[in-house]
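Undergrad: Please find one structure pasted underneath; my questions will follow.
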Amino acid sequence: MPIDHRPPVPLERQRGITLIESLVAIVIATLGILGILGMQMRTLSDTQSTVRRAQAIRLIEDLSERTRVNPNAMASIESYVSDFDDKPTPGSCQSQGCSHAELVAYDLGTWKQAVANTLPLGEAKIFLPKAEKNADNNRRQLGVMVAWRNSEKTPLPENPDKASQDCPSDMSCHLQYITVAARCAPYLGAVKDATKYFCAGA
């Protein structure tokens, strides 16, 4: 029997990729791109929330400075109490002199307008904390809550004074307490237990 001396024919190698492998690669690439986009959107949302909260803090600091400039702020502390829906008229204290009550209304109205102009659907609430309500002649603090419409709701932390600081359900809020400066010296008047305030130059 004759021997075949011809070299063996090499097996053909597979060329290209199959349709299934292509689909798997496309799906993996798509998932990776979607994951990157999700991270970017989350980063943008967190950045926006941080910026809004920083703006709210600056606005509250502005209100605190306004109370420090007003020498009768402590005597008129209840006049600063305002709900979210309250929109006091600022008046015209820049062009003419104002009484103590008019100055509070001016500061409050101007400040609330700044909140509305700075934050999306921005509004604010000012209240007396629970402990301050019972301290008739020794009130020194105001609770300030600034609310705004955000893409993501940020819940408030648990707080024992929560009943006085409810954040609207469709808003994000920042709560802070400010101390009203005692620029006017309190003293007892002629009527028993009636505290009055002496403000130099007032």
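Numbering of the sequence shown is given in our numbering, commencing with residue 1391 and proceeding in unit increments.
Where a beta carbon is used, it is the ideal one built from N, C-alpha and C, also for glycine.
(1) Among R1442, R1443, D1497 and D1476, which one has its Cα closest to the Cα of A1463?
(2) Can you tell me which of A1537, Y1567, T1420 and P1480 puts its alpha carbon nearest to the alpha carbon of S1559?
(3) Within the continuous beta strand (DSSP E) that includes G1533, where are the two ends?
(4) Just how far apart, CA to CA, sit L1427 and T1420?
(5) Using CA atoms only, rank isn't needed, just tell me which of I1516, S1412, R1529 and Q1566 is closest to Y1470.
(6) Does DSSP put L1509 in a helix, in a strand, or in coil?
(7) Using only CA atoms, which one of D1556, R1443, V1459 and C1563 lies nearest to L1493?
(8) Using 8 Å for Cβ pairs, my map puts W1571 next to T1500. What's the rounded Cβ distance?
(9) Indicate whether T1479 and A1491 have their beta-carbon atoms separated by less than 8 Å.
(10) Note down, in chain order, each residue of its chain lying with its Cβ closer than 6 Å to the Cβ of I1410, except the 5 sequence neighbours on either side.
(11) Measure the CB-CB distance between I1568 and S1466 and report whether it falls below 8 Å.
(12) Between which two residues does the beta strand (DSSP E) carrying C1563 extend?
(13) What three-state label does DSSP hand K1520 in the structure shown?
TA: Checking against the coordinates, here is how it stands:
(1) D1497
(2) A1537
(3) Q1531 to W1538
(4) 11 Å
(5) I1516
(6) Three-state result, L1509: coil.
(7) The residue from D1556, R1443, V1459 and C1563 with its alpha-carbon nearest to that of L1493 is V1459.
(8) Correcting the residue type first, residue 1571 is Ala in the shown sequence and not Trp. About 19 Å; that fails the 8 Å criterion.
(9) Not a contact, by the Cβ cut-off of 8 Å.
(10) none
(11) no
(12) S1562 to T1569
(13) helix
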